[in-house]
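Asker: Residue numbers (this note's numbering), protein chains in the order written: chain A, 94 to 374; chain B, 977 to 1226; chain C, 55 to 278. Ideal Cβ placement from N, Cα and C applies to all residues, glycine included. Remember, predicted model here, so these are calculated numbers, not experimental data.
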Amino acid sequence: MGKILAFLLLGIIVGLAAGYLVANTLAPTKEVSTQENCLYQLGKFSSAPKEGSQVVIVYGFDANYPPFTKIEPNGTPVGLDVDIINLIAKKYGWKIVYKPWDWSTIVTALERGDIDIIASGMTINSARSQKIWFSIPYYSYVHQVVVRKNDTRTLDQILNSGEYIAVQSGSTADEWADRLLKAGYKFEKLGLDSYVSAMEALLDGRASALITDSAFLGPYLKKNPDIESKLRVVGNLGAPYSYGIATRPQDKWLRDKINEALEELMNSPYWNELLKKWGLG
Amino acid sequence: MIVLRAEDVWKRYDDTIVLRGVSLNLKKGETKVIMGPSGAGKTTFLKCLNLLVKPDKGRIWIDGEEITSPKADITRLRQKIGFVFQELNLFHHLTAIGNVMIGLTKVKGMSKSDALKKAKETLKRVHIEEELWRKYPAQLSGGQKQRVAIARALAMDPIVMLYDEPTSALDPGLSSEVLLVIKELSERGITSLIVTHELGFAYEVADEIVVMNRGRIIGGGSPEELRNAKNDEVRNLLNKWNGLKDGVLV
Amino acid sequence: MTYIYSLFQYIPFIAEGVLWTASLVLGGLGIGFIIGLPLAIAQSFGGKKLGKVLNAYVWFFRGTPLLVLLSLFYWAIFPSFGFKLDPLKTSILVLGMRSGAYQSQIFKDSIKSVDYGQILAAKAIGMTQRKLILYIVLPQALRISIPAWSNEYAVILKDSAICFALGVMEILTRVRYVSTATGLALIPYLFAGILFFVLTFSGTGIMDFIHKRTRIPGMVEGLR
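(1) Identify, in the order they occur along the chain, each residue of the same chain with its Cβ nearer than 6 Å to the Cβ of Val168(C), setting aside the five sequence neighbours on each side.
(2) Tell me whether the beta-carbon of Ala219(C) lies closer than 8 Å to the beta-carbon of Ser197(A).
(3) Would you say the beta carbon of Arg184(C) is closer than 7 Å to some non-hydrogen atom of the ligand NAP?
(4) I believe Ile1043(B) touches Leu1027(B) by the beta-carbon criterion, under 8 Å. Please report the beta-carbon distance rounded to the nearest angstrom.
(5) Should the stretch 1125 to 1139 of chain B be called in touch with the stretch 1055 to 1074 of chain B, which here means at least 3 C-beta pairs below 8 Å?
(6) From Gly1005(B) to Val1181(B), what distance separates their C-alpha atoms?
(7) Anything in the stretch 125 to 158 of chain C with a Cβ closer than 8 Å to a Cβ of chain A? List those residues in chain order, please.
(8) What residue range does the beta strand (DSSP E) around Asp984(B) cover?
(9) What are the boundary residues of the alpha helix (DSSP H) that includes Trp1037(B)?
(10) Quick check on Ser197(A) - is its C-beta less than 8 Å from some C-beta in chain C?
(11) Between Lys1018(B) and the rest of its own chain, which residues show a CB-CB distance below 6 Å, the 5 nearest in sequence each way excluded?
(12) Name, going along the chain, the residues of the stretch 163 to 191 of chain C whose beta-carbon falls closer than 8 Å to a beta-carbon of chain A.
(13) Give the DSSP bridge partners of Phe1059(B), in chain order.
(14) In whole angstroms, what is the alpha-carbon distance linking Ser335(A) and Ser233(A)?
(15) Buried or exposed for Ser361(A), please, with buried defined as at least 16 other CB atoms from any protein chain shown within 10 angstroms of its CB.
(16) In angstroms, rounded to a whole number, what distance separates the CA positions of Val1076(B) and Gln1055(B)?
(17) Can you pull the chain C neighbours of Tyr1112(B), defined as C-beta to C-beta under 9 Å?
(18) Using the Cα positions of Asp1090(B) and Asp1133(B), report the straight-line distance between them to the nearest angstrom.
(19) So Thr75(C) and Ser214(C) are in contact, right, with Cβ under 8 Å, and what is the actual spacing, rounded?
(20) For Gly255(A), does the count of other Cβ atoms within 10 angstroms reach 16, so buried, or fall short, so exposed?
(21) Quick one: grab the DSSP three-state call for Val1187(B).
(22) Assuming Ser60(C) contacts Thr258(C) (C-beta within less than 8 Å), just tell me the rounded distance between them.
(23) Going along the chain, which unbroken runs of the beta strand (DSSP E) with 3 or more residues stay wholly within the stretch 200 to 265 of chain A?
(24) I need the DSSP call for Glu124(A), collapsed to helix, strand or coil.
(25) Step through the CB atoms of chain B and report whether any lies within less than 8 Å of the CB of Gln194(C).
(26) From the beta carbon of Thr75(C), is the nearest beta carbon of chain A less than 8 Å away?
(27) Note down, in chain order, all residues in the stretch 58 to 69 of chain C with a beta-carbon under 7 Å from any beta-carbon belonging to chain A.
(28) Taking Cβ to Cβ, would you say Leu980(B) is nearer than 8 Å to Trp986(B)?
(29) Buried or exposed for Pro318(A), going by 16 or more other Cβ atoms inside 10 Å?
(30) Val1154(B): which of Arg1052(B), Glu1174(B) and Ile1135(B) sits nearest, CA to CA?
(31) Taking 8 Å as the threshold (beta carbon to beta carbon), is Pro121(A) in contact with chain C?
(32) List the whole-angstrom C-beta distance separating Pro1113(B) from Leu1146(B), where the pair is believed to meet the contact cut-off of C-beta under 8 Å.
(33) At the level of alpha carbons, what is the spacing between Asn1212(B) and Ile264(C)?
(34) Using a Cβ-Cβ cutoff of less than 7 Å, which residues in the same chain neighbour Leu180(A) once the five nearest sequence positions on both sides are dropped?
(35) Please report whether the beta-carbon of Lys1082(B) lies at a distance below 8 Å from any beta-carbon of chain C.
(36) Inspect the CB distances between the stretch 80 to 100 of chain C and the stretch 236 to 251 of chain C and report whether three or more fall short of 8 Å.
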């Protein structure tokens, strides 16, 4: 009896030790923590760093938004945004540390210095611009309403049908749904945790329509031609939106460097190849 | 030689005064029985003696040392008092022999083998045979549990044993085995103070019977003297008890 | 079929998340135990003033959502004390402190269920408070705690998924990534469900085993 309790205690201590060990060996910031001095040092990129010193940029992303960011089977991030960051880094000889971060707290993480940039299909808007500053836009898209092919109603009829319309919760499509409801349209919003599950809801009939954006829909349909044949785009909503690379307001030097490199990249013939590579061309 | 001495012990709970100045001496080798109706304060008085209940007023000496003194080492003095409770409160997670050993190893600091030897001897003294040693409390009868509890207290080599209504939680058929053990121990010179309702047992075992009522000692004497008690209150109580079946007052 | 194949490729990536989840859960449970048990003992045997202070701790950690706690400790509290802990260590500590609050209630209840008569009996043979807690109360209380404790394991296992808010790559985070990368909504989550089921089942299974092994002969559960 006493022995077994002792084993129980021992088990807990071993568990604790194992937890600590794993925590140490797996720490995602391993590479960064060797330079602990510059971690959390806000404004470290406000002006040009010392000549000859290695610039390390911690790149924050939520690998949840193909084709801009997604994850490979071996765990490395890929996508248009990842390619852009890698090309910029290559141009200047920067070192990039990839750091996945949840979308819900990613802006705070940038503000507080856990990450130095966000390039993860982040839409430039005024609310965000009060806290973080964006580079020049590198991709534009428009919001679209999608229905199943056999649905022949018009955009107005669908938005007033009282039926479910799926969106990704917290996305710009979600904002659009709220704006439409406020304007007096009559439908039910079905908020789901990703574009993929919102698409799924439309396909299996839980929702009659889907609000999404061209940046997601185009490449997705290209990759899934069987789905493309089942869907119809009813119409667009409002003016186009743009993606930008987010930085801290005070990191002026970094932003200037990114803008310079982005401009050069987007004016080169390679830019179109890059877009095509990710199905965005 | 007086081994236990209580002087003017008072205790109140909220607005009920339970003890109103109880004094008592216990000599080495002596057996005293405290009797009295329910609510007389017998159990509270007994628990005051080893400070399980803290008296409001009054002084208590064990073996010449004052346990009520602020400087007293209470845990050490408690080892000199064996206490057997009314409730059958053995340690549930230990075997019969484990219950007896734990005080020896953890309080007295004996080695396991010495404690084991001592525990076996003590269990034999209370007629707990070898086949019961490895049983857990939940596997023992009430009478067996209470005898193990006696052994648990006895093994600590106390200078006095206190019994707080040791048979009142038992089925009537199981009382006798416990009373027999108490009687044997008392006859072998273990100083004992017993609270009980069993009049017949009290007459048999006691050198002196103390009668309590409403927080006070109202009389006492040897069994002989009590039979011819002059004090009206004591005589009335005794007559009442004698009228009850088997001398058991509930 | 090609979808399924593409999912297979991701299995090692998801399985690696088990290590992260395990470190969150085991670390959190361990720290929770180290905090919770002394807390319960202090609440049960300590004075009233101490009890009030400790109650405040328990209420704070039980009443605040985990996501808020994580952000608060990661960005405000730890840095203000001069600690710059990485997200995984912060998550483990926060899970541990929170679980400590819950575990203290588990242990407090089971300490309470050890009847007072045994405590009196332990005092009567001359045990100090420390000894009677160690040798009489805890061996019984810990055993009584096991079922509630394995429940806490299952709870913390599921809570650990919230730590992704700080960028911790536990199982569900990875599954969410795989779901978007493969375009499959159901199957990756089903796989995660199986992983969680196996973890829950094996963890509570071990606790059940210990509970049975420490059974006190003759004692009826719940009755004593």
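Answerer: Let me spell this out:
(1) The residue given as residue 168(C) occupies position 114 in the third sequence. The answer, listed in chain order, is Val191, Gln194 and Ala195.
(2) For the purposes of this step, residue 219(C) is taken as residue 165 along the third sequence, with counting starting at 1. For the purposes of this step, residue 197(A) is taken as residue 104 along the first sequence, with counting starting at 1. In this structure, Ala219(C) places its C-beta atom within 8 Å of the C-beta atom of Ser197(A).
(3) Absence of the ligand NAP is noted for the structure shown, with no ligands found whatsoever.
(4) As a working mapping, residue 1043(B) is identified with position 67 in the second sequence. As a working mapping, residue 1027(B) is identified with position 51 in the second sequence. Indeed, because the Cβ distance is near 6 Å, the residues count as touching under 8 Å.
(5) Verdict: yes, contact present.
(6) Within the second sequence, residue 1005(B) is the residue found at index 29, counting from 1. Within the second sequence, residue 1181(B) is the residue found at index 205, counting from 1. Approximately 12 Å, taken between the alpha carbons.
(7) Correct list: Ser125, Trp129, Pro133, Lys138, Asp140, Pro141, Leu142, Lys143 and Ile146.
(8) Taking the first residue of the second sequence as 1, we reach residue 984(B) at position 8. Ile978 to Tyr989 is the extent of the beta strand (DSSP E) around Asp984(B).
(9) Position 61 of the second sequence, counting from 1, holds the residue named residue 1037(B). Trp1037(B) -> not in any alpha helix (DSSP H); beta strand (DSSP E) instead, spanning Lys1033 to Ile1038.
(10) By 1-based counting over the first sequence, the position of residue 197(A) is 104. Answer yes: the Cβ-Cβ gap between Ser197(A) and chain C drops below 8 Å somewhere.
(11) If you number the second sequence from 1, residue 1018(B) lands on position 42. Correct list, in chain order: Ile1010, Gly1012, Val1171 and Met1188.
(12) Here the close residues number zero.
(13) For the purposes of this step, residue 1059(B) is taken as residue 83 along the second sequence, with counting starting at 1. Checking the DSSP bridge columns, you'll see Phe1059(B) partnered with Leu1138(B).
(14) As a first step, residue 335(A) is located in the first sequence; it is residue number 242 there, counting from the start. As a first step, residue 233(A) is located in the first sequence; it is residue number 140 there, counting from the start. Using only the alpha carbons, I get a separation of about 4 Å.
(15) The residue you call residue 361(A) lines up with position 268 of the first sequence. With fewer than 16 other Cβ atoms inside 10 Å of its own Cβ, Ser361(A) counts as exposed.
(16) Against the second sequence, residue 1076(B) aligns to sequence position 100. Against the second sequence, residue 1055(B) aligns to sequence position 79. Whole-angstrom Cα-Cα distance: 13 Å.
(17) The count along the second sequence starts at 1 and reaches residue 1112(B) at position 136. In chain order: Ile270, Pro271, Gly272 and Met273.
(18) Here residue 1090(B) corresponds to residue number 114 of the second sequence, with the count starting at 1. Here residue 1133(B) corresponds to residue number 157 of the second sequence, with the count starting at 1. Straight-line Cα distance between these residues: approximately 14 Å.
(19) Residue numbering aside, residue 75(C) sits at position 21 when the third sequence is read from its first letter. Residue numbering aside, residue 214(C) sits at position 160 when the third sequence is read from its first letter. Indeed, because the Cβ distance is near 5 Å, the residues count as touching under 8 Å.
(20) In the first sequence, residue 255(A) corresponds to position 162, counting from 1. Label assigned to Gly255(A): exposed.
(21) Here residue 1187(B) refers to the residue found at position 211 of the second sequence. Correct three-state label for Val1187(B): strand.
(22) On the third sequence, position 6 is the one that residue 60(C) refers to. On the third sequence, position 204 is the one that residue 258(C) refers to. Rounded to the nearest angstrom, the Cβ distance from Ser60(C) to Thr258(C) is 33 Å, too far for a contact under 8 Å.
(23) Runs found: 232 to 241 and 257 to 261.
(24) Indexing the first sequence from 1 puts residue 124(A) at position 31. Its pLDDT being 39, under 50, Glu124(A) is placed unreliably in this model, and the value from its coordinates should be taken loosely. Shown here, Glu124(A) sits in a helix according to DSSP, grouped into three states.
(25) Reading the third sequence from its first residue, position 140 is the one you call residue 194(C). Proximity of Gln194(C) to chain B, defined by a Cβ-Cβ separation below 8 Å, is satisfied.
(26) Position 21 of the third sequence holds residue 75(C). For Thr75(C), no Cβ of chain A is located within less than 8 Å of the residue's own Cβ.
(27) The residues in question are Gln63, Tyr64 and Phe67.
(28) The residue given as residue 980(B) occupies position 4 in the second sequence. The residue given as residue 986(B) occupies position 10 in the second sequence. Not a contact, by the Cβ cut-off of 8 Å.
(29) By 1-based counting over the first sequence, the position of residue 318(A) is 225. Label assigned to Pro318(A): exposed.
(30) By 1-based counting over the second sequence, the position of residue 1154(B) is 178. It is Glu1174(B) whose Cα lies nearest to the Cα of Val1154(B).
(31) Position 28 of the first sequence holds residue 121(A). With a pLDDT of 44 at Pro121(A), under the threshold of 50, the predicted position of this residue should be treated as unreliable, and no value is reported.
(32) Numbered from its first residue, the second sequence carries residue 1113(B) at position 137. Numbered from its first residue, the second sequence carries residue 1146(B) at position 170. In fact, because the Cβ distance is near 14 Å, the residues do not count as touching under 8 Å.
(33) Locating residue 1212(B) in the second sequence gives position 236, where the first residue counts as 1. Locating residue 264(C) in the third sequence gives position 210, where the first residue counts as 1. Rounded to the nearest whole angstrom, the CA to CA distance from Asn1212(B) to Ile264(C) is 60 Å.
(34) Along the first sequence, read from residue 1 onward, the residue named residue 180(A) stands at position 87. Once the five neighbours on either side are set aside, the close Cβ partners of Leu180(A) are Leu358.
(35) By one-based count along the second sequence, residue 1082(B) stands at place 106. Under the 8 Å criterion on CB atoms, Lys1082(B) is classed as interfacial with respect to chain C.
(36) No: fewer than three Cβ pairs fall under 8 Å.
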